[in-house]
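Residue numbers (this note's numbering): 834 to 930. Note that beta-carbon positions come from the ideal geometry of N, C-alpha and C, so glycine has one too.
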């Protein structure tokens with residue numbers, strides 16, 4: 834399997850992207866924080882990483898491990914389309930997600 838030889842890099846997106854500590858339930862997608870990961874793609878590639886694990890990512894009340902909706906990117910990070918753009922950039926760099 835591909836993961837037998839994978840170098841996996843875990844990203845805690847709420848921390849890396851500077852999200853607020855609490856999710857107040859409002860639509861906070863005005864700031865597309867998850868797109869900050871795009872600034873890291875080349876660095877991650879230079880490290881020899883072959884896969885990125887985003888953990889946690891979904892809508893939650895606080896730290897991310899208290900998920901309330903597995904079908905929605907945490908609005909403190911941005912939108913599904915923002916995350917798709919990050920995945921596309923990583924894939925174009927030869928990095929799995």
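Outcome for residue i when other beta-carbon atoms lying within 10 angstroms are tallied against a minimum of 16
{"i": "residue 916", "result": "buried"}
{"i": "residue 853", "result": "exposed"}
{"i": "residue 887", "result": "buried"}
Under 9 angstroms between C-beta atoms of residue i and residue j
{"i": "residue 909", "j": "residue 866", "result": "yes"}
{"i": "residue 883", "j": "residue 927", "result": "yes"}
{"i": "residue 907", "j": "residue 849", "result": "no"}
Other residues of its chain near residue i: CB distance less than 6 angstroms, five sequence neighbours each side excluded
{"i": "residue 930", "result": "885, 920 and 923"}
Residues near residue i in its chain [Cβ-Cβ closer than 7 angstroms; skip 5 each side]
{"i": "residue 889", "result": "897, 898 and 900"}
Cβ-based neighbour list, residue i, same chain, cut-off 8 angstroms, excluding 5 preceding and 5 following
{"i": "residue 840", "result": "880, 881, 882, 883 and 884"}
{"i": "residue 875", "result": "926"}
Presumed contact (8 angstroms Cβ cut-off) between residue i and residue j, rounded CB distance
{"i": "residue 902", "j": "residue 892", "result": "4 angstroms"}
{"i": "residue 842", "j": "residue 877", "result": "6 angstroms"}
Subject >> Segments assigned beta strand (DSSP E), at least 3 residues, entirely inside the segment 864-891 >> reply: 884-887
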